[in-house]
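What the sequence shown shows, in the numbering used here, is residues 899 to 1371, in sequence order. In this text, a Cβ means the ideal position worked out from N, Cα and C, and glycines have one as well. Worksheet: the structure to be examined is printed underneath.
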Amino acid sequence: MVPHKTIGQYFAQCAFGCINDGLNDDRPGARNICDSALRYLGENCPSAQSLMLDEISVLYVSEPWRLKMTDMLKTALKYSHHKLFQTVGVRHQGNLPFSFFDWIKEWLTKLSGADRAEKYRTWIPLLIQGYPSMTEILSIIRTMSCLTGGAALSSTWARDVARRCIARFPEVTKKPTISDGELIMSAVIDLDEAWPEKFALLVSIFNRFPKADATAFLLAILSRLKTQAAAAHLSISATIELYRSLSLRFVNTERRLSDIITTGKTRSKTRSRPMVPWIQSTRDLKDDAKLIYQMGMTVTPEALVQFACDLNDISTNTVNSIQPFIQEIIAQCHSFSAEDMQELWMPFLYQLITALLSRPVVLHMSSYQQLTRELIDHLVEKVIGPPPQASDFNQTRRVACSCSDCKDLNQFLQYASQGVRRYPLASARRHHLEQQIDSARIPCSQDTVETELGRTLVVTKRYTLEVRKWNER
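See below:
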């Protein structure tokens, strides 16, 4: 016997509670049971029908793999159960296939104007907000806006949904891309709002992306700000005020510059991470496409140089906007890896010097000199290393043989200023020298090469080799 007040929960458990194979249930059995139960309850006990849908919502939260996402959304729409629709819609994390919106567009045409408007206002935006990519978000908004009725209404709805998605974007996406930043900046400028509201929205986004993973994304917003503000005929003073406010939030102690995503980190991460088909943010991508996705988060020397130059351009006699950025690099440069020094920070320094030379900048100011000194010192420490010292190599060893060739070899070993000696000798004499060097464990390399004088034994002191390698770094 099932109590009347729990019959809805009972039917929900009958339909989905028995599925335990760990996969989305694509078999028609569970769906048919669910539809039949809902129809039966709707005809005989409408309140229990609502309770059954409530129980399905609970099941989806606790064990989402038991219930197929698109089926649950269709069921929620069919029975106008907003709780189930919201429960499923806000949790898809970008895994809801775009084809579902083709279905929902067709389904919406069958509704009355009032019902369709209500679904557009309070239901559809929940689905769009769940995508972690602004490209996907804006594409779906364009697809769906054609049914809202009239160009003006369509534009208003699209801007409103875009605004809601932008406001929620930091909650949905933890690793935004350059493309996300560019699209957000364009969308914010296009919003039908007063400038203070747009200003506050962008500040909110910067405040909620404090980590280094978002560096490329934030730089893209700042870079796009100038062109978008000019196109929107925003005053120069308002643009500078916003840029300065955002840049102050960009430079913070929580953003560890050593964690900035570089090209090298992207390649190594893509090579080392196995293909997992259910990774949500790159769910159906192959290796090359995954690399492209990661590259969208990569910070380049050019982007940092552009940021520094923009900061310099908005500086005044009383406000030096570039100074905090330079000081933060100086403060954190000791943590930069050898790879980042070679791929990001030294190219940044070289390009920055060239770029600032074309501007009225005094490069001999203490901050620029300190930046150059700190980066070069760290490069020497992490990449180049100290120069080889002759004292680190045993220069006193000699061969024991007293033949003329060995005497010449010992003379060569005696002089620290000489690093390489060539012996164009017959095969037996070359072989004799090689044996003597090996027996005495002389720190030299031996190579036989073809020259105009015939086959020649080239003896190079190991210290000379190390100096050569050091100079090539």
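Around the C-beta of Arg1154, fewer than 16 other C-beta atoms lie within 10 Å, and the residue is accordingly described as exposed. At the C-beta level, Leu1036 and Ile1064 stay beyond 8 Å of one another.
By the Cβ criterion, the segment 1254-1271 is not in contact with the segment 1308-1315, since fewer than three pairs of Cβ atoms, one from each stretch, lie closer than 8 Å. Around the CB of Asp1275, fewer than 16 other CB atoms lie within 10 Å, so the residue is classed as exposed. Considering only Asp1211, Thr1161 and Ser1300, the residue with the shortest C-alpha distance to Met1239 is Thr1161. Rounded to whole angstroms, Lys1305 and Leu1331 show a C-alpha spacing of 11 Å. For Gln1230, same chain residues with a beta-carbon under 8 Å away, outside a window of 5 residues either side, are Arg1154, Leu1155 and Ser1156 in chain order. Cβ neighbours of Ile1227 within its own chain (closer than 7 Å, five residues either side excluded): Leu1155 and Leu1269.
DSSP assignment within the segment 1080-1129 yields the following whole alpha helix (DSSP H) runs of 4 residues or more, N-terminal first: 1093-1105 and 1113-1129. Counting only residues of its own chain and dropping the five nearest sequence neighbours on each side, Val1070 has a CB closer than 6 Å to the CB of Pro1030. Val1347 sits exposed, since fewer than 16 C-beta atoms from the chains shown fall within 10 Å of its C-beta. Within the DSSP secondary-structure output, Gly1028 pairs in no beta bridge. For Leu1116, same chain residues with a beta-carbon under 7 Å away, outside a window of 5 residues either side, are Gly1079, Phe1104, Phe1107 and Phe1148 in chain order. Under a 10 Å Cβ-count criterion, Val959 is classified as exposed, with fewer than 16 other Cβ atoms of the shown protein chains found around its own Cβ. If you check the CB distance, Ile1158 and Ala1201 do not come in under 8 Å. Residue environment: Phe1246 is assigned as buried (16 or more neighbouring CB atoms within 10 Å of its CB, all protein chains considered). CA-to-CA, the gap between Met1083 and Ser1121 works out to about 9 Å.
Comparing alpha carbon positions, the residue from Leu951, Lys1003 and Gln1126 closest to Ser978 is Leu951. The beta carbon of Thr1362 lies closer than 8 Å to those of Gly1317 and Val1318 in the same chain, with the five residues before and after it left out.
Here Cys1342 is buried. Its C-beta has 16 or more other C-beta atoms within 10 Å. Sequence-distant Cβ neighbours of Thr1358 in its own chain, meaning closer than 7 Å and more than five residues away, are Gly1317, Val1318, Cys1342 and Ser1343.
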